[in-house]
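Quick note on this note's numbering: the sequence shown kicks off at 10 and runs consecutively.
For reference, the structure discussed in these notes is given below.
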Amino acid sequence: MGKIKVGIYWAASCGGCDVSLLEIDEQILDVAAKADFVFWPCATDTKYSDLRAYQDGSIDVVLFNGAIRTQENHDLARLLRDKAKHLVAYGSCAQMGGVIGLANLSSRKEIFTTLFGEKSLWPQEESNQDGYPLHLPAFLERVLPLVDVVDVDYVIPGCPPPKEMVSKFFEALLEGKLPEIGAVFAAEKNLCDECPRERKEERITRIVRPHEIEPKQDSCLLDQGIICMGPATRGGCGAVCPLANMPCTGCAGPTANITDQGATMLNAIASLIGTGLEGEEELEAEEAILAEIDDVIGTFYRFSLAASIFKGAQREQRG
Ligand code: SF4
Ligand code: SF4
Ligand code: SF4
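Structural data, given as C-alpha cells:
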C-alpha cells in the first residue's frame with residue numbers, strides 16, 4: 010500500500026494552525042513515515058497547476074485552515090474539495106470564521122477606506138504595472154467559514170487546535186480508522202465537564218475582567234464573575250485556559266446541541282445574574298451588572314461571529 014496523501018492549505022489565516030501541526034512531538038515521525046505531503050504552500054513549492062492536475066478524490070485528506078476572505082480562498086476551497094477524499098476544517102477560522110470573522114463587523118468598503126483612504130487608492134483586481142497585467146483576488150464582502158462554501162467531512166477545532174486533538178486525528182488517519190463523516194475531533198461534552206474548578210452555578214453579582222481580581226484557585230471562574238465560555242464550548246483541550254487562571258474564550262466552538270455559541274452563553278449569563286433584590290430594583294441592578302461587560306461581541310463571539318445567527322444571510326453565497 011502506498012503512502013497516505015495529505016494536503017494542507019491556509020486561507021485567511023494567521024499561520025498558527027500550520028505551525029500547530031508540528032506540536033505532535035515524536036508522532037511526527039510516524040506521520041512522515043506513512044504520509045506524503047503533496048500540497049502544502051507554506052512548506053513546499055507546489056503550484057496551483059500541480060494541484061489542478063491531481064485526479065478528483067486522489068488526495069486522502071486535506072487539512073484546511075483559515076477562513077474564506079478572498080475569491081482565491083473560495084476557489085481553492087472548491088478545488089481542494091474536489092481533490093480531497095476527506096476535507097477537514099482545521100482550526101476555528103475554518104470551522105466558524107474565527108477571529109478573522111470579527112472583520113464582519115465592518116463592510117468591505119469600511120475596511121478599504123480605513124486601510125487605503127479614498128477609493129482611487131484601493132487595490133484593483135485588474136491593473137497594469139510597467140506594461141504587465143496584475144491580477145489580485147477579489148476581497149469578498151464578508152468572511153465565511155469553510156463549511157459555508159463546501160461540504161466538510163471532519164472538524165479539528167481550536168485556535169489553534171491543541172496537540173491532543175491533532176494527535177487523535179493523525180492516529181486515526183495513520184491507522185485507517187477515521188470516524189464517521191461529520192465527526193469533531195474534540196469532546197462531546199462541554200468544557201466544564203473536564204474543568205477541575207468546582208462550579209456551583211452561583212448567582213453573579215458583578216462581572217470582572219481577569220486582571221481585576223485574583224481568582225480563587227479551585228472555584229469556577231464564572232462563579233467569581235469572570236466570563237468563562239466553558240458552558241457553551243466543547244471540551245477536549247483539557248481546560249488549559251481555566252487551569253492557567255484564564256477564562257475559556259470559546260475557541261473549540263459549541264457542542265453539537267448548540268446552534269449559536271454566543272447567544273447560548275449570553276443566555277446562560279443572563280440567567281445567572283442576580284442580586285436578591287426584587288421588582289424594578291432587581292431589573293435595574295441586573296442591567297447595571299450586564300452593562301459591565303466590555304466588548305460583548307469580542308467576548309461572546311470571538312471565534313464564531315461569521316457562523317452565528319447574525320450572519321445567516323451570508324450562507325446564501327454557498328455554491
Ligand atoms: S484558528 Fe487561530 S491559529 Fe488557526 S489560523 Fe485562525 S487565528 Fe490562526
Ligand atoms: S471555570 Fe469555566 S470551564 Fe471551568 S467550570 Fe467554570 S465555567 Fe466551566
Ligand atoms: S479553554 Fe477554551 S479557549 Fe482555552 S484552549 Fe480550551 S477551548 Fe480554547
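In this text, a Cβ means the ideal position worked out from N, Cα and C, and glycines have one as well.
Predicted, not measured: the structure shown is a model, and the values here were computed from it.
On the CB-based measure, 16 or more other CB atoms within 10 Å of its CB, does V249 come out buried or exposed?
For the purposes of this step, residue 249 is taken as residue 240 along the sequence shown, with counting starting at 1. It is exposed - the Cβ of V249 has fewer than 16 other Cβ atoms within 10 Å.
State the CB to CB distance for the pair C201 and G239, rounded to an integer number of angstroms; the pair is presumed to be in contact (CB under 8 Å).
Here residue 201 corresponds to residue number 192 of the sequence shown, with the count starting at 1. Here residue 239 corresponds to residue number 230 of the sequence shown, with the count starting at 1. Right, their Cβ atoms sit about 5 Å apart.
Using the C-alpha atoms, what's the distance from I236 back to R218?
Start at 1 with the first residue of the sequence shown, and residue 218 comes out as number 209. Start at 1 with the first residue of the sequence shown, and residue 236 comes out as number 227. Cα to Cα, the separation comes out at about 8 Å.
Looking at V108 and ligand 5, is the gap between the Cβ and the nearest heavy atom below 7 Å?
As far as ligands go, the structure on display features ligand 1, ligand 2 and ligand 3 and does not contain ligand 5.
State the DSSP-derived secondary structure class of D69, mapped to helix, strand or coil.
Position 60 of the sequence shown, counting from 1, holds the residue named residue 69. D69 falls in the strand class under three-state DSSP.
Where does V164 fall in DSSP's three states?
Along the sequence shown, one-based indexing puts residue 164 at 155. When secondary structure is reduced to three states using DSSP, V164 falls in the strand class.
At what residues does the alpha helix (DSSP H) containing S29 begin and finish?
Here residue 29 corresponds to residue number 20 of the sequence shown, with the count starting at 1. Counting along the chain, the alpha helix (DSSP H) containing S29 begins and ends at 25 to 29.
Residue span of the beta strand (DSSP E) that contains V15, given as start and end:
On the sequence shown, position 6 is the one that residue 15 refers to. Looking at the DSSP string, the run of the beta strand (DSSP E) that includes V15 is 13 to 19.
Rounded to whole angstroms, what is the Cα-Cα separation between L145 and D65?
Here residue 145 refers to the residue found at position 136 when the sequence shown is read from its first residue. Here residue 65 refers to the residue found at position 56 when the sequence shown is read from its first residue. Going by the C-alpha atoms only, they are around 27 Å apart.
Please check the pair K12 and A44, which I expect to be a contact at CB under 8 Å, by giving their CB distance rounded to whole angstroms.
Stepping through the sequence shown from its first residue, residue 12 is reached at position 3. Stepping through the sequence shown from its first residue, residue 44 is reached at position 35. About 6 Å separates the beta carbon of K12 from that of A44, a gap short enough to meet the 8 Å contact definition.
Specify the secondary structure class of D269 as computed by DSSP and reduced to three states.
The residue labelled residue 269 in the question sits at position 260 within the sequence shown. Under the three-state reduction of DSSP output, D269 falls in the coil class, being neither helix nor strand.
Which residues mark the beginning and the end of the beta strand (DSSP E) in which Q64 is found?
Reading the sequence shown from its first residue, position 55 is the one you call residue 64. In this chain, Q64 is not harboured by any beta strand (DSSP E), its DSSP state being neither H nor E.
Buried or exposed (CB count within 10 angstroms, at least 16 for buried), N74:
As a working mapping, residue 74 is identified with position 65 in the sequence shown. Buried, since its Cβ has 16 or more Cβ neighbours within 10 Å.
Quick check on this structure: which residue in R151, I298, Y18 has the alpha carbon closest to the alpha carbon of L85?
For this step, residue 85 is matched to residue 76 along the sequence shown. Nearest to L85 by alpha-carbon distance, out of R151, I298, Y18, is Y18.
Considering just the uninterrupted stretch of the beta strand (DSSP E) at F178, what are its terminal residues?
For the purposes of this step, residue 178 is taken as residue 169 along the sequence shown, with counting starting at 1. Run containing F178: none in the beta strand (DSSP E); it sits in the alpha helix (DSSP H), 172 to 183.
Tell me, please, which residues DSSP counts as bridged to D45.
Numbered from its first residue, the sequence shown carries residue 45 at position 36. DSSP output for D45 lists K14 as bridge partner(s).
Could you work out which residue in D303, I267, T214 is closest to E293 when comparing CA atoms only?
Stepping through the sequence shown from its first residue, residue 293 is reached at position 284. Per the Cα distances, T214.
Quick one: what's A76 bridged to in DSSP?
If you number the sequence shown from 1, residue 76 lands on position 67. According to the DSSP secondary-structure assignment, A76 is paired through a beta bridge with A21.
Just mark Y163 as buried or exposed, buried being the case when its beta carbon has 16 or more other beta carbons within 10 Å.
Your numbering for residue 163 matches position 154 in the sequence shown. Y163 is buried by the Cβ-count criterion.
Alpha-carbon to alpha-carbon, L149 and Q323
On the sequence shown, position 314 is the one that residue 323 refers to. On the sequence shown, position 140 is the one that residue 149 refers to. Caution applies to Q323, whose pLDDT of 43 falls short of 50 and renders its modelled position unreliable; the model cannot decide the point.
So, for D27: in the same chain, excluding its five sequence neighbours on each side, which residues have a beta-carbon less than 7 Å away from its beta-carbon?
As a position in the sequence shown, residue 27 is number 18, starting the count at 1. By the criterion of a C-beta distance shorter than 7 Å, D27 is surrounded in its chain by I17, W19, C51, N74, once the five residues flanking it on both sides are discounted.
Please report the Cβ distance between A195 and L155, rounded to the nearest whole angstrom; I am assuming they are in contact, meaning their Cβ atoms lie under 8 Å.
For this step, residue 195 is matched to residue 186 along the sequence shown. For this step, residue 155 is matched to residue 146 along the sequence shown. Incorrect: roughly 17 Å between the Cβ atoms, too far for contact.
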